[in-house]
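Position one of the sequence shown corresponds to residue 376 (our numbering), numbered consecutively onward.
C-beta atoms are modelled at their ideal positions from N, C-alpha and C, and glycine is treated no differently.
Notes for the one structure printed next.
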Amino acid sequence: MRRRHWGWVIGLAVIGCGDSDADDSGTGGSGGSAPASCVSDPWSCPDGQTCWVNSDQKSFACLNSGPGAVGTECSSIAASPACQDDLICLQLQGQAKGACTEYCDPMDPAHACPENRQCLAVQLAGSLLHACAPPAGEGGGGGGTGGGGGPGTGGAGGN
């Protein structure tokens with residue numbers, strides 16, 4: 376079986392509070408051929424699954440979760456989740472590897488990022504989703520410039 380890495384650089388845009396004008400409501404559509412993507416509600420996947428890029432590399436689906444916990448180094452392989460329930464493998468631009476991290480919703484305090492990590496907008500597989508910046512100190516972290524506490528988008532420094 377052939378596995379394909381998500382061959383895209385994940386574009387990130389830092390979300391400011393209240394800026395959620397993206398049209399990801401999923402309304403409309405013609406016919407009833409496929410259910411709405413889990414991207415609009417990644418927490419809707421059943422236990423034992425996570426919202427992950429499907430084998431077509433153009434959509435997301437609830438797929439059986441992998442073993443990676445938050446902060447675990449991971450690779451983004453379509454249809455082959457590396458991370459646990461409700462997590463995504465996020466590889467920030469300039470980083471050699473990704474890290475498992477939580478989905479987030481900048482408009483819903485119940486789905487805010489833990490430890491005051493930033494909720495980032497991520498364009499992936501033709502969809503806009505939100506994921507927490509990976510925890511600092513994972514994947515060679517710690518180092519980096521600017522000390523702690525700022526809204527840095529590079530996060531988790533080092534190679």
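Simplified DSSP state of residue i, which is helix, strand or coil
| i | result |
| --- | --- |
| PHE435 | strand |
| SER430 | coil |
| SER502 | strand |
| ALA485 | helix |
| CYS420 | coil |
| CYS475 | strand |
| GLY407 | Caution is warranted here: a pLDDT of 36 is assigned to GLY407, below 50, making its placement in the model unreliable, and the coordinate value is therefore given only provisionally. Residue state, collapsed to three classes: coil. |
Counterpart residues of residue i in DSSP-defined beta bridges
| i | result |
| --- | --- |
| GLY443 | CYS458 |
| GLY469 | GLY469 pairs with nothing; no bridge assigned. |
| CYS413 | BP columns for CYS413 are empty, so no partner. |
| GLU448 | ALA474 |
Beta-carbon proximity check, residue i vs residue j, cutoff 8 Å
| i | j | result |
| --- | --- | --- |
| GLY446 | CYS479 | no |
| CYS413 | GLY441 | no |
| ALA496 | SER434 | no |
| GLU477 | LEU462 | yes |
| CYS449 | GLY473 | yes |
| ASP460 | ASP422 | yes |
| ALA508 | GLN493 | yes |
| SER419 | ALA454 | no |
| SER451 | CYS464 | yes |
Chain B within 8 Å of residue i, Cβ atoms only
| i | result |
| --- | --- |
| THR476 | Of the chains in the structure shown, none is chain B; there is only one protein chain. |
(request) Could you tell me whether the segment 425-441 touches the segment 494-506, using the rule of 3 or more Cβ pairs below 8 Å? (result) Three or more beta-carbon pairs drawn from the segment 425-441 and the segment 494-506 are found closer than 8 Å, and the two stretches are therefore classed as touching.
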